[in-house]
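Working notes, beginning with the structure itself.
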Amino acid sequence: MALVITVAQQKGGAGKTMLAANLAAVLATRQKVCLLDIDPQRSLMRWHALRESQSKPLPAITFSDVSGWRLKLEIDRLKKTHDVVIVDSPPQIDTDAKLAIRSADLVLVPLQPTPPDLWAAEGTVALATSEKRPVRLVLNRAPTASTLRSIVERDIATAGFTLLTATLGNRAGFANAFAQGMGVTEASPKSQAAQEVRALLTEIDSIVTEAVR
Ligand SMILES: Nc1ncnc2c1ncn2[C@@H]1O[C@H](COP(=O)(O)OP(=O)(O)O)[C@@H](O)[C@H]1O
Ligand SMILES: [Mg+2]
Numbered sequence: 108m109a110l111v112i113t114v115a116q117q118k119g120g121a122g123k124t125m126l127a128a129n130l131a132a133v134l135a136t137r138q139k140v141c142l143l144d145i146d147p148q149r150s151l152m153r154w155h156a157l158r159e160s161q162s163k164p165l166p167a168i169t170f171s172d173v174s175g176w177r178l179k180l181e182i183d184r185l186k187k188t189h190d191v192v193i194v195d196s197p198p199q200i201d202t203d204a205k206l207a208i209r210s211a212d213l214v215l216v217p218l219q220p221t222p223p224d225l226w227a228a229e230g231t232v233a234l235a236t237s238e239k240r241p242v243r244l245v246l247n248r249a250p251t252a253s254t255l256r257s258i259v260e261r262d263i264a265t266a267g268f269t270l271l272t273a274t275l276g277n278r279a280g281f282a283n284a285f286a287q288g289m290g291v292t293e294a295s296p297k298s299q300a301a302q303e304v305r306a307l308l309t310e311i312d313s314i315v316t317e318a319v320r
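What follows is the structure, given as C-alpha cells:
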C-alpha cells in the first residue's frame, strides 16, 4: 500500500504546489509516484502537462485530479497501484482538503517565515492533529538567517508544532524548473535548491521509517 503525503496550508502562495511537484520528481527516480491535484486552480495539472510534453526523458509520474464525492475512492484506488501518492490541496480547508488530510500518512505544511503564513498554518495543523495524522511544517523561501525567521521559529516552537530541519530557500531555480515541468533535482541537480529537496526527502524518509517502526 502506498504512502500518502498531503501538502496542505490555507495560505495561497506558500509553496504547496511547488513542494508537491519537487517531491514527486525526486521520488519518481526510485518509486511509483502519483500526483493528485484537488485544488480547482489545477496548477499541478499544468506542471504535469508541461512535464509530459518535455522532450527530455523524465521518470514517469501518474496524475489524477478526481475530487468531490469520488475522492476517497480515488485515493484508495491510487494507493493500490503506486508507492507514493502526493496530494496537492486548495488554499482552504474544504471537504476535499479535510478528506485528503484524513487519508494522509504524513501532512506537510509549507510556510514562508512570516506571521500570516504561520497563522494560516494553525488551522491545518489543528485539523491534522485532531485526525491523529503526523504533521510537519516546512519553511519555504527561508533566508539562511533573519530576525523574522527567528521570530517565526520561536512562535512555531511555542505553539508546539513540529518544524522540519530541512528548509527550502527563495531560489529562482524552483520557479524555473516548475516552468519546465521538472523538479529542481532534474533541471539543476547540482544546485543548492536540489540539495535542499534531497535533504527534505532524507528527513521525510526518516519520519516514515520511524512511524512504521
Ligand atoms: N522556494 C521558492 N523559491 C522561489 N519561488 C518559489 C518558491 N516556492 C514557491 N515559489 C513560487 O511562488 C509561487 C507560489 O507557489 P505555489 O507552490 O504555487 O504556492 P501554493 O500552491 O501554496 O499556492 C509560485 O510562482 C512558485 O514558483
Ligand atoms: Mg497551489
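Okay, so the sequence shown: first residue is 108 according to our numbering, each after it adds one. Think of the CB as a built atom: it goes at the ideal place given N, C-alpha and C, for glycine as much as any other residue.
- Here residue 203 has 145, 174, 178 as same chain residues with Cβ atoms under 6 Å from its own Cβ, once five neighbours each way along the sequence are excluded.
- For the set 213, 245, 127, 266, the Cα lying nearest the Cα of residue 229 is the one of 266.
- Taking 8 Å as the cut-off, the Cβ atoms of residue 307 and residue 190 do not count as close.
- Using a Cβ distance threshold of 8 Å, residue 182 and residue 135 do not count as a contacting pair.
- Under DSSP, residue 243 shares a beta bridge with 215.
- Taking a cut-off of 8 Å for Cβ pairs, the region 121 to 128 and the region 194 to 202 touch, as three or more such pairs fall below it.
- In the structure shown, residue 165 falls within a coil segment according to DSSP collapsed to helix, strand and coil.
- For residue 113, the enclosing beta strand (DSSP E) has its first and last residue at 110 to 114.
- Residue 208: member of the alpha helix (DSSP H) spanning 202 to 209, first to last residue.
- Contact between the region 203 to 219 and the region 236 to 249 is present, with at least three C-beta pairs closer than 8 Å.
- Cβ-Cβ separation between residue 171 and residue 185: approximately 6 Å, consistent with a contact (criterion under 8 Å).
- Taking a contact to require three or more Cβ pairs closer than 8 Å, the region 156 to 168 and the region 277 to 293 qualify as touching.
- The residues 110, 212, 213, in chain order, have a CB closer than 8 Å to that of residue 315 in the same chain once the five nearest residues on each side in sequence are set aside.
- When C-alpha distances from residue 200 are compared across 299, 114, 304, the shortest belongs to 114.
- Proximity of the beta carbon of residue 124 to ligand 1 is indicated: a heavy atom of the ligand is located closer than 7 Å.
- Relative to ligand 1, the beta carbon of residue 170 is positioned no closer than 7 Å to any heavy atom.
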